[in-house]
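Colleague: Residue numbers for the sequence shown follow this note's numbering, beginning at 334 and rising by one.
We treat Cβ as the ideally placed atom computed from N, Cα and C, and that holds for glycine.
Note that the coordinates shown come from a computational prediction; the quantities given were computed from them, not determined experimentally.
Would you mind keeping the following structure in view while I ask a few things?
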Amino acid sequence: MTELAVRLSGVTKSFGSHTAVSDFDLDIPRGAIVGLLGPNGSGKTTMIRMIMAILLPDRGTVDLFGGFPDFARRSRVGYLPEERGVYEKMKVLEQLVFLGELRGLTRQMARSRAGHWLERLGLAEWSGKKVQELSKGMQQKVQFIGTVLHDPDMLILDEPFSGLDPINQDVLEAIVREERERGKTILFSTHLMEQAERLCERVCLISRSRKVLDGDLKKLKRRERSGAVAVEFEGDDRWLMRLGIRDIERVDDAHHLSAVDQAQYDAILAAAMEAGVALRRFEVLEPSLREIFVRHAGEQAEEPPMAAMGGGR
């Protein structure tokens, strides 16, 4: 049986008349990278806060490392909240050593680890500067270092890529993968769907306080295939018209054929050979995360559209 880092069972949380999380179940296996995806106000941040016992559920249970998220269990988590918070008057290295000591590190160990991370994130020359002298993106990197400094078993990152330029997003992605290779469990919320597809092994899609779908990303994408295929070839395309497939769209150098079932795959390949075209590509297309979300959430999906989704509660 897979060992779990987090289990939510029937969790509900309301604020007055507003239900932020409704009857929510979620299992997060240890050692996995899990993406929490949904539009603004869908309940992502509220759920993360319940995992960290910042909020308690009105109903249901939250287990962290096999029990209630008490101080000892929370100490095994590196939590980067959506609301960024740094001590602006403190010097960068000074602040990180302070945060490391709060998490049980010796001053010497905190200083050593902080130096390593500052170097890694391109902030070494800023270590003696006050945090207020750094840009917002740099301050965010300082807060991220404070999150990983004590080498936690799990990272919970709420919109960690927001506000970072593409280069620093790539750096952070690389670190997330490295931490996963070291056996860490990583849960992060994001509105960047392409990023989630690159990073995640599992996803949980949320809309209007309810879970829309969750599971292994590769299995979900295979299960959600709609029959579309991409065909790329050299030669005349009239043979495609003779197949009787009505929905054909030209995308870059390929033809996308929709509403194709598996029984037609061989017929398409045979028709290409008969027409004498040089077939370069025949690919069964999988839907994007955005397409999967819209397919399942339907009218539940909130504005703004998925491309503009933010963190939200």
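#1: Among the residues of its own chain, which have a CB less than 7 Å from the CB of Asp586, if the five just before and after it don't count?
#2: Name the two residues that bound the continuous beta strand (DSSP E) containing Leu622.
#3: Would you check if there are 3 or more beta carbon pairs closer than 8 Å linking the segment 603 to 618 to the segment 534 to 544?
#4: According to the Cβ coordinates, are Thr518 and Gly368 closer than 8 Å?
#5: Using the Cα positions of Glu407 and Pro485, report the straight-line distance between them to the nearest angstrom.
#6: Just mark Val354 as buried or exposed, buried being the case when its beta carbon has 16 or more other beta carbons within 10 Å.
#7: Ignore the nearest five residues each way along the sequence and tell me which others in Met526's own chain have a CB closer than 6 Å to its CB.
#8: Return the chain-ordered list of same chain residues with a C-beta closer than 6 Å to the C-beta of Asp547, the five sequence neighbours on each side being excluded.
#9: Note down, in chain order, each residue of its chain lying with its Cβ closer than 7 Å to the Cβ of Ser647, except the 5 sequence neighbours on either side.
#10: Does DSSP classify Ser342 as helix, strand or coil?
#11: Excluding the 5 residues preceding and the 5 following Gly393 in the sequence, name in chain order all residues of the same chain whose CB lies nearer than 8 Å to its CB.
#12: Once DSSP output is grouped into helix, strand and coil, what is the label at Tyr412?
#13: Please identify the residue among Arg417, Gln528, Gln472 whose C-alpha is closest to the C-alpha of Asp491.
#14: Just to confirm, are Lys463 and Lys422 a CB contact at a threshold of 8 Å?
Modeller: Quick answer:
#1: Non-local beta-carbon contacts of Asp586 in its own chain, meaning distances under 7 Å to residues more than five positions away in sequence, involve Glu565 in chain order.
#2: No beta strand (DSSP E) contains Leu622, which is instead part of the alpha helix (DSSP H) from 622 to 630.
#3: Contact fails between the segment 603 to 618 and the segment 534 to 544, because fewer than three Cβ pairs, one in each stretch, are under 8 Å apart.
#4: The Cβ-Cβ distance between Thr518 and Gly368 does not fall below 8 Å.
#5: Checking the displayed sequence, the identity of residue 407 turns out to be Arg instead of Glu. Distance between the alpha carbons of Arg407 and Pro485 is about 10 Å.
#6: Buried, since its Cβ has 16 or more Cβ neighbours within 10 Å.
#7: If we look at Met526 and ignore the five residues flanking it on each side, its Cβ neighbours are Leu622, Arg623.
#8: Closer than 6 Å at Cβ, skipping near neighbours: Cys537.
#9: Absent from the structure is residue 647, since the part of the chain shown begins at 334 and ends at 646.
#10: Strand, per DSSP.
#11: Correct list, in chain order: Leu341, Ser342, Gly343, Val344, Thr345, Asp356, Phe357.
#12: Assignment of Tyr412 by DSSP, reduced to helix, strand and coil, places it in the strand class.
#13: With distances taken between Cα atoms, Asp491 lies closest to Arg417.
#14: One thing to note: Lys463 has its Cβ within 8 Å of the Cβ of Lys422.
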